[in-house]
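Visitor:
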Amino acid sequence: NAGVTQTPKFRILKIGQSMTLQCTQDMNHNYMYWYRQDPGMGLKLIYYSVGAGITDKGEVPNGYNVSRSTTEDFPLRLELAAPSQTSVYFCASSERQGISFYGYTFGSGTRLTVV
Amino acid sequence: EDQVTQSPEALRLQEGESSSLNCSYTVSGLRGLFWYRQDPGKGPEFLFTLYSAGEEKEKERLKATLTKKESFLHITAPKPEDSATYLCAVRGSGGGADGLTFGKGTHLIIQP
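Protein sequences appear in the order of chains A and B.
This note's numbering numbers the first residue of the first sequence as 1048 and each following residue consecutively.
This note's numbering numbers the first residue of the second sequence as 28 and each following residue consecutively.
#1: Does the separation of the CB atoms of residue 129 of chain B and residue 1105 of chain A fall below 8 angstroms?
#2: Closer than 9 angstroms between beta carbons: that is the criterion. Which residues of the region 63–80 of chain B meet it against chain A?
#3: For residue 31 of chain B, list the residues DSSP reports as bridge partners.
#4: Less than 8 angstroms between the CB atoms is what I'm expecting for residue 1098 of chain A and residue 70 of chain B, so what's the real figure, rounded?
#5: Report the rounded CA-to-CA distance for residue 1062 of chain A versus residue 1127 of chain A, giving the unit in angstroms.
#6: Scan the region 1091–1125 of chain A and note each continuous beta strand (DSSP E) run of 3 residues or more that stays entirely inside, going in chain order.
#7: By the criterion of Cβ-Cβ separation under 8 angstroms, what are the contact partners of residue 1136 of chain A in chain B?
#8: In the DSSP assignment, the beta strand (DSSP E) including residue 117 of chain B goes from what residue to what residue?
#9: So, are the CB atoms of residue 1118 of chain A and residue 73 of chain B less than 8 angstroms apart?
#10: Please check the pair residue 100 of chain B and residue 48 of chain B, which I expect to be a contact at CB under 8 angstroms, by giving their CB distance rounded to whole angstroms.
#11: When DSSP labels each residue in this structure, what does residue 1155 of chain A get in the three-state scheme?
#12: Could you give the uninterrupted runs of the beta strand (DSSP E) lying entirely in the region 78–107 of chain B, keeping only those of 3 residues or more?
#13: Taking the alpha-carbon of residue 91 of chain B as reference, which of B:104, B:76, B:68 has the nearest alpha-carbon?
#14: To be precise: take each residue of the region 1078–1092 of chain A, compare its Cβ to all Cβ atoms of chain B, and keep it if any distance is under 7 angstroms. Which residues remain?
#15: Quick one: Cα of residue 95 of chain B to Cα of residue 115 of chain B, how far?
#16: Just tell me which of B:107, B:97, B:102 has its CA closest to the CA of residue 59 of chain B.
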C-alpha cells in the first residue's frame, strides 16, 4: 500500500518559472491537503479539498493553485515562482467519520528552492 | 484563531531517562488533538488522536494525555531510535475540513 506519493522529491526553480507538484493517494480518502513547512515554523495549510471537484483556500494560498479532478490526485501549481516559496511542501490525506477526523497520512515531501 | 504552543523547543535526554513534552492549545470547540513524529527529510507520521479531556493513549514507550488546555506526550525509558521531532496539532470546530493547526514541534534527541 503506497499511501501518499509526492513527486518530485527535490526541485530548483528560477524566479518567475512555474511548476506543478504532484500528489497521489491510493487509500480512497476524500480529504486532501497541501502544507508548507519552513525552518522553525509549524506546518501551514495552503489549500485543501473535501472531494473531487471541490477545493478551498487555507492559511497561505497566495501564489499557488490547485485542482482535484479525481479522488486520487491533488496537484499543486506554482505560478511565477518567488524566493519566498522556497520551502518543503507536504501533501496529506485523511478520512472522516461523523465529526471525527482520522489522523493525516503525509507524503514524504518536495523540497523546493527558488533562486 | 486556533493556536498551538509546544515546549520545550528542544530536549536532550540520556537513554532510559523518562520525560514529557508539552502541547498547550487554544481552540474553539476541540474536534481532535493529534501527535505526529517527524524524522529528518521525511513527512510527519501519525501517532495519536485524542478527543476529550481525560483521554489517554499509549504506543510502545509513548503515552499521550489530554486536559482542557494542554496535552502531554510522555516518553518512558526512551531509546536512541525515539530521536525525532514531535509535532502537536489541533482541529477546531471553526469550519469543515479546513485542516489542522500545528505547533512548531519539539526536537528530541536521545543519547546512548
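In this text, a Cβ means the ideal position worked out from N, Cα and C, and glycines have one as well.
Guide: On the basis of the data shown:
#1: no
#2: 63, 65, 68, 69, 70, 71, 72, 73, 74, 75, 76, 78
#3: B:52
#4: About 22 angstroms separates the two Cβ atoms, so there is no contact after all.
#5: 7 angstroms
#6: 1091–1098, 1101–1104, 1111–1113, 1123–1125
#7: What residue 1136 of chain A touches in chain B: nothing, since even the nearest Cβ is about 10 angstroms away.
#8: 111–118
#9: no
#10: 4 angstroms
#11: coil
#12: 83–86, 89–93, 97–102
#13: B:76
#14: 1078, 1080, 1087, 1088, 1089, 1090, 1092
#15: 15 angstroms
#16: B:97
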